[in-house]
Amino acid sequence: MIQLLPVTEQAMLERLNRIYQQNAQFAYVCVEKREIKASCLYNIKGDVVEIVNVSSVEPDIFDGLVRAVFASAMDLGLEHAVFDEKIDHEMLVQLHFVQDDGFSVNSLTKIIHNCKNCKA
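If you're matching positions, the sequence shown starts at 11 in the working numbering and goes up one per residue.
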């Protein structure tokens, strides 16, 4: 079973930042059998969540990590997000996070409440 968990230990955040050459303030990790399988590093800048790295190439894990960050941002009252341009744009489009030519999200609520995998 996998779990998506926020990183709460500063040492772990620093380690992830070193691995992915980032300087992120926050992170979520995908954990399976006590082992980190993937991560999503992000910052909060004003009223925008800035996702700077998603380490998974598996669409379901990528999707889950990004949605976990979006839900956390919404808990803080944020509604907008932007992805670093180094993040796999094709994956972002495939998962319906962004439009064909962009890296920004104008409505986190819309994304969270319109999950393509949740439709019956």
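We put the beta carbon where it would ideally sit given N, CA and C, even for glycine.
Compute the beta-carbon to beta-carbon distance between residue i and residue j, rounded to the nearest angstrom, for a pair I have assumed lies under 8 Å.
i	j	result
residue 37	residue 59	With a Cβ gap of about 12 Å, residue 37 and residue 59 do not count as contacting.
residue 67	residue 91	No, residue 67 and residue 91 are not in contact; Cβ-Cβ is about 20 Å, not under 8 Å.
residue 69	residue 22	At roughly 25 Å, the Cβ-Cβ gap does not stay under 8 Å, so residue 69 and residue 22 are not in contact.
residue 117	residue 95	Contact doesn't hold; Cβ gap of about 21 Å is too wide.
Applying the criterion that 16 or more other CB atoms from any shown protein chain within 10 Å of the CB defines a buried residue, is residue i buried or exposed?
i	result
residue 83	buried
residue 57	exposed
residue 65	buried
residue 73	buried
residue 130	Residue placement at residue 130 is poorly supported in this model, since its pLDDT is 43, which falls under 50; the coordinates are not used for a value here.
residue 77	buried
residue 51	buried
residue 26	buried
Can the beta-carbon of residue i be found less than 7 Å from the beta-carbon of residue j?
i	j	result
residue 121	residue 93	no
residue 32	residue 63	yes
residue 41	residue 75	no
residue 39	residue 46	yes
DSSP three-state label for residue i, please.
i	result
residue 27	helix
residue 68	coil
residue 129	Residue confidence is low: residue 129 scores 49 on pLDDT, short of 50, so the model does not pin down where it sits. No coordinate-derived value is stated.
residue 14	strand
residue 100	helix
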